[in-house]
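J.: Before anything else, here's the structure in question.
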């Protein structure tokens with residue numbers, strides 16, 4: 215049989231990240247049996263490189279090393295080089311990132327790992343320059359040293375011993391299940407978690423820590439929820455400061471809408487320019503919560519701009535959502551550099567706008583000759599208040615806003631003529647679920663038409679990635695190519711997206727899909743003996759460890775979201791015992807949540823729901839999900855732990871829903887809750903107590919305050 219490692223096989227892959235490396239002289243292999251078998255047959259180490267298409271330092275390492283003939287010669291001769299898209303294989307990324315964290319205290323991308331032929335790691339790092347510099351070993355020398363050590367029997371024994379130790383340590387951390395406590399965390403978990411979040415806040419600039427700034431949406435949800443529960447201004451002030459910083463700074467694209475990945479500085483000025491679908495899914499949800507709680511109009515504006523960006527630039531013609539926009543694009547010299555598409559100089563602004571409008575724009579968004587980025591360029595930020603500009607330009611505030619609106623539109627159109635960043639057009643099941651949740655929430659808070667985008671995305675995933683006969687989900691679609699068994703995040707994120715779309719539309723078909731996905735979570739990922747839900751299915755590929763995902767990272771904890779949606783669905787399918795899974799898992803990990811809530815904010819949010827009970831609203835009406843007047847009231851009400859359960863007004867009509875959902879009888883959330891007096895009727899419940907049926911939405915909301 216021919217040696218698969220004799221050539222670069224990435225031209226057979228659909229992943230844009232892998233295809234970016236298909237022309238490298240390195241004989242890259244995908245992670246598959248052929249490559250792993252070749253490593254064992256050749257008895258050489260595996261060099262594993264993990265990254266993603268919008269990763270800046272991945273591109274740098276490619277240009278410096280993977281496009282270099284001398285480096286390729288060593289890699290091809292002495293190793294089996296495997297390239298992995300971490301967005302396709304988050305399980306592999308989780309395992310080897312854990313090793314990197316354990317060994318060096320840090321991780322990131324590109325992740326560079328040397329493995330035994332059995333897949334056990336013995337050397338790990340992230341970016342390596344081709345030649346040694348700034349206390350970093352050179353990649354070429356490192357390859358030579360590792361190859362020489364592997365061929366030396368004594369050194370090899372040491373490397374294999376290290377691989378065993380590191381694998382055991384990673385397995386212990388990823389699979390560790392503490393002895394279950396007697397109970398899930400109690401009602402104090404919310405304020406304890408919010409207090410921990412408050413201690414981590416950067417009081418000067420907002421956000422968390424004093425270095426790079428990441429959004430950390432779940433922490434902000436904890437702060438808002440704790441403010442609502444206690445009335446303590448410190449919680450709201452910290453959350454609002456961070457929302458303002460993200461809305462005003464360079465994280466947000468002030469011309470085209472949408473958020474970049476993170477900011478490289480403490481004061482939210484210079485972003486890392488890639489735009490990820492998951493950030494632009496999760497951030498609108500926290501801004502909508504902030505808008506409901508404060509009435510701050512710019513939170514609404516930022517949300518609308520972000521959703522418009524997603525519909526315009528990250529949406530497949532058939533409705534699914536693409537994954538990323540690259541950080542880099544060609545500059546005037548044709549060089550691919552970070553931020554080229556987004557940054558401005560005063561001269562560039564004046565080329566597009568008339569004199570005073572250009573000056574007004576530059577003053578508002580901080581565009582100066584010295585700039586705030588490389589080579590005198592400026593990342594747009596809100597630098598001056600409208601009132602100050604009105605005084606300086608002798609205009610009223612409304613005139614300033616109108617002129618700035620026109621200027622932004624003109625500059626946006628001019629920017630569209632620049633070379634665009636590359637787009638990774640993978641459609642990932644889980645990330646589409648996150649985005650569907652965001653559009654569904656916007657349908658309730660802003661405009662019902664936002665639900666259309668959520669429904670189209672769910673339809674796309676169901677058509678291309680869901681097998682209803684086997685109740686299995688695939689992870690990725692790209693240009694007709696479907697690949698990869700789905701992970702917990704796919705089922706959990708998509709189930710939440712489907713349930714939220716049911717809440718936002720009142721269409722039971724989405725509820726049915728959510729129930730189907732939740733049943734698979736229990737069937738394939740829940741381990742009752744261990745009392746936890748794993749990230750990979752029990753019959754999945756056998757790797758050196760079976761990870762759990764308890765912590766929030768760039769995306770929410772998949773375990774936290776899984777428990778959240780199981781808790782939401784329990785009242786619709788009590789025979790499935792979803793609540794038992796939630797209770798057992800919270801008891802298993804409760805001590806972790808209570809002692810380190812900063813690491814586990816999504817789990818802390820679920821624990822709060824468990825202990826406090828949902829604000830359950832059953833709506834029996836023809837107009838779904840809510841009659842118009844009621845929708846407007848709900849839109850302006852911050853109601854944490856809200857569970858909206860629309861149903862038809864009569865039990866005869868409900869019977870059709872039950873047939874379609876294959877439910878033998880009306881579940882508790884709908885049972886005995888018909889419309890009264892021929893009018894839309896609302897039932898407000900928490901725990902095992904309910905209000906009297908009412909036709910007054912405000913009265914039902916007031917009941918929750920009693």
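Numbering (the numbering used here), first residue to last: 215 to 920. Heads up, the beta-carbon is just placed ideally off N, CA and C, and yes, glycines get one too.
Give a yes or no on whether the C-beta atoms belonging to residue 267 and residue 234 are separated by under 8 Å.
T.: Contact flag set, yes.
J.: Which of the three DSSP states, helix, strand or coil, is assigned to residue 227?
T.: In the structure shown, residue 227 sits in coil (DSSP, three-state: anything other than H, G, I, E or B).
J.: What is the residue span of the beta strand (DSSP E) that residue 824 lies within?
T.: Here residue 824 belongs to no beta strand (DSSP E); instead the alpha helix (DSSP H) covers 815 to 826.
J.: Report whether the distance from the Cβ of residue 227 to the nearest heavy atom of the ligand SAH is below 7 Å.
T.: No copy of the ligand SAH occurs in the structure displayed, which carries no ligand at all.
J.: Start and end of the alpha helix (DSSP H) containing residue 273?
T.: Segment 270 to 275, the alpha helix (DSSP H) holding residue 273.
J.: Please classify residue 498: does DSSP put it in a helix, a strand, or coil?
T.: In this structure, residue 498 counts as helix in the three-state DSSP scheme.
J.: Which full runs of the alpha helix (DSSP H) of 4+ residues lie inside the region 535 to 608, going along the chain?
T.: Counting only runs of 4 or more, we get 560 to 566, 569 to 579, 600 to 607.
J.: Quick one: Cα of residue 471 to Cα of residue 623, how far?
T.: Rounded to whole angstroms, residue 471 to residue 623 spans 12 Å at the Cα level.
J.: Nearest-angstrom Cα distance between residue 508 and residue 858?
T.: Approximately 22 Å between the Cα atoms of the pair.
J.: Using a Cβ-Cβ cutoff of less than 6 Å, which residues in the same chain neighbour residue 717 once the five nearest sequence positions on both sides are dropped?
T.: Same-chain partners within the cutoff: 858.
J.: Assuming residue 313 and residue 338 make a contact with CB atoms under 8 Å, what is their CB distance in whole Å?
T.: Residue 313 to residue 338, Cβ: 5 Å. Contact.
J.: By Cβ distance, which residues of its chain are closer than 6 Å to residue 545, with the 5 residues on each side in sequence left out?
T.: 551, 554, listed in sequence order.
J.: In angstroms with no decimal places, state the Cα-to-Cα distance between residue 803 and residue 469.
T.: Going from the Cα of residue 803 to the Cα of residue 469 covers about 43 Å.
J.: Please classify residue 902: is it buried, with 16 or more other beta-carbons within 10 angstroms of its beta-carbon, or exposed?
T.: Under this definition residue 902 is an exposed residue.
J.: Would you check if there are 3 or more beta carbon pairs closer than 8 Å linking the region 664 to 673 to the region 556 to 568?
T.: The region 664 to 673, when compared against the region 556 to 568, does not touch it at the 8 Å Cβ threshold.
J.: Where do the ends of the alpha helix (DSSP H) carrying residue 334 lie?
T.: Here residue 334 belongs to no alpha helix (DSSP H), and DSSP marks it neither H nor E.
J.: Taking the continuous alpha helix (DSSP H) assigned at residue 613, which residues delimit it?
T.: Start and end: 611 to 629.
J.: For residue 611, which residues of its own chain have a beta-carbon under 7 Å away from its beta-carbon, when the five flanking residues on both sides are left out?
T.: 600, 601, 604, listed in sequence order.
J.: For residue 362, count neighbouring Cβ atoms within 10 angstroms of its own Cβ and tell me buried if that reaches 16, exposed if not.
T.: Residue 362 is exposed by the Cβ-count criterion.
J.: Below 8 Å between beta carbons: does that hold for residue 240 and residue 289?
T.: Contact: yes.
J.: Would you mind reading off the limits of the alpha helix (DSSP H) that contains residue 861?
T.: Careful: residue 861 lies outside any alpha helix (DSSP H), inside the beta strand (DSSP E) at 856 to 861.
J.: At least one CB of chain C closer than 8 Å to the CB of residue 253: is that the case?
T.: Here there is only one protein chain, and chain C is not present.
J.: Measure the beta-carbon distance from residue 256 to residue 285 and round it to whole angstroms, keeping in mind my assumption that it falls under 8 Å.
T.: Actually they are not in contact, since the Cβ atoms of residue 256 and residue 285 sit about 19 Å apart, beyond 8 Å.
J.: Please say whether residue 701 and residue 746 have beta carbons closer to each other than 8 Å?
T.: No, Cβ-Cβ distance for residue 746 and residue 701 is not below 8 Å.
J.: Taking the alpha carbon of residue 758 as the point to measure from, which residue in 331, 526, 223 has its own alpha carbon closest?
T.: The shortest C-alpha separation from residue 758 is found at 331.
J.: Quick test of your reading: residue 259 and residue 364, contact by CB under 8 Å. State the CB separation rounded to the nearest angstrom.
T.: Residue 259 to residue 364, Cβ: 6 Å. Contact.
J.: Whose C-alpha, out of 722, 502, 881, is nearest the C-alpha of residue 848?
T.: Selected option, being the one with the closest Cα: 502.
J.: Using the three-state DSSP reduction, which class does residue 716 fall into: helix, strand or coil?
T.: Three-state result, residue 716: helix.
J.: I think residue 595 touches residue 463, with their Cβ atoms under 8 Å apart; what is that distance to the nearest whole Å?
T.: With a Cβ gap of about 5 Å, residue 595 and residue 463 count as contacting.
J.: Check whether the region 524 to 544 and the region 874 to 891 touch, using three or more Cβ-Cβ pairs below 8 Å as the test.
T.: Because the criterion of three Cβ pairs below 8 Å is not met, the region 524 to 544 and the region 874 to 891 do not touch.
J.: Could you compute how far the alpha carbon of residue 250 sits from the alpha carbon of residue 221?
T.: Their Cα atoms are separated by approximately 15 Å.
J.: Taking all protein chains shown into account, do 16 or more other C-beta atoms lie within 10 angstroms of the C-beta of residue 767, making it buried, or fewer, making it exposed?
T.: Under this definition residue 767 is an exposed residue.
J.: In chain order, which beta strand (DSSP E) runs of at least 3 residues are fully inside the region 694 to 741?
T.: List check, beta strand (DSSP E) in window: 695 to 699.
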